[in-house]
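Residue numbering for the sequence shown follows UniProt numbering, starting at 1 and increasing by one per position.
Using N, Cα and C, we set each Cβ at its ideal position, and we do this for glycine too.
For reference, the structure discussed in these notes is given below.
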Amino acid sequence: MKHLKYLIREIISVIIGILIALSVSNWREEQKDQQYLRQINKSINLELEESLEDIAASIPKQQTLIDSIGYYMNDESISIFEIITRSGGIQRPTIITSSWKAIANTKIELIDFEQIATLTEIEESKDLIELKSEKLVDYIFENLKSTDPEKKEIFFLFSKEMLSTTKYTFTEVETYLTKVREEEVQYK
Numbered sequence: 001m002k003h004l005k006y007l008i009r010e011i012i013s014v015i016i017g018i019l020i021a022l023s024v025s026n027w028r029e030e031q032k033d034q035q036y037l038r039q040i041n042k043s044i045n046l047e048l049e050e051s052l053e054d055i056a057a058s059i060p061k062q063q064t065l066i067d068s069i070g071y072y073m074n075d076e077s078i079s080i081f082e083i084i085t086r087s088g089g090i091q092r093p094t095i096i097t098s099s100w101k102a103i104a105n106t107k108i109e110l111i112d113f114e115q116i117a118t119l120t121e122i123e124e125s126k127d128l129i130e131l132k133s134e135k136l137v138d139y140i141f142e143n144l145k146s147t148d149p150e151k152k153e154i155f156f157l158f159s160k161e162m163l164s165t166t167k168y169t170f171t172e173v174e175t176y177l178t179k180v181r182e183e184e185v186q187y188k
């Protein structure tokens, strides 16, 4: 009977030790995940801040191109190439999402759903800008020397679509960063 009580005490001690070790291990793992998440969020935010600046800088340049196309649309002595040259070229913003891609491919379960949805939306907008930009450039190369008002009108519409998507992306990124800043203020 003494041995049984002793054995039970030893088993309980071992079980308690194992539970404590597991708790400490889980706590450490959670701390590592939180640290990783803080670093990734900081990187995401820095990338999006840079992207926001680039998007903001590209919007007036895109608008200048659209205004130039509108101004020269019916002037058959001015080619699409000349319009682009006179307006300062074609501008497409650079949107950086490297950190988002890194966490999306590794530890996405650490991020809350709302943040995932917003960052995915920004990524999709980035892809849409790239696609529209490729279509625009393809059209320009096919019609570079054209002075035809109809070709210029199509160029005008492509450019307006590009601007619209750029503005939408600007709003998405700005809204995300504003929310992040508000949350930072709440937690301080």
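Applying the 10 Å Cβ sphere with the 16-neighbour rule, what's the burial state of residue i?
i	result
Glu172	buried
Trp100	buried
Tyr72	buried
Lys152	buried
Tyr6	exposed
Ile103	buried
Lys135	exposed
Lys2	exposed
Gln62	buried
Lys132	buried
Which whole-angstrom value is the C-beta distance of residue i and residue j, which I expect to be below 8 angstroms?
i	j	result
Lys107	Tyr36	7 angstroms
Ile84	Ile90	6 angstroms
Thr166	Ile59	6 angstroms
Leu163	Ile69	So it is not a contact: roughly 11 angstroms between Cβ atoms.
Phe170	Ala56	6 angstroms
Gly88	Thr64	6 angstroms
Ser98	Glu47	6 angstroms
Arg92	Ile122	Contact flag wrong, Cβ pair sits at about 16 angstroms.
Pro149	Asn41	Contact doesn't hold; Cβ gap of about 50 angstroms is too wide.
Exercise. For the stretch 70-87 and the stretch 158-177, state whether three or more C-beta atom pairs, one from each stretch, are separated by less than 8 angstroms.
Key: no
Kindly confirm or deny that the stretch 106-122 and the stretch 29-45 touch, where touching means at least three C-beta pairs closer than 8 angstroms. yes
State whether the stretch 46-64 contacts the stretch 139-156, with contact taken as three or more CB pairs (one from each stretch) at a distance under 8 angstroms.
no
- Query: Which runs of the beta strand (DSSP E) spanning at least 3 residues fall entirely within the stretch 95-176, listed in chain order?
  - Reply: none
Cβ pair count under 8 angstroms reaching 3, the stretch 115-135 against the stretch 172-184:
yes
Quiz prompt | Runs of alpha helix (DSSP H) wholly within the stretch 34-104 (minimum 4 residues, chain order) | solution = 80-87 and 98-104
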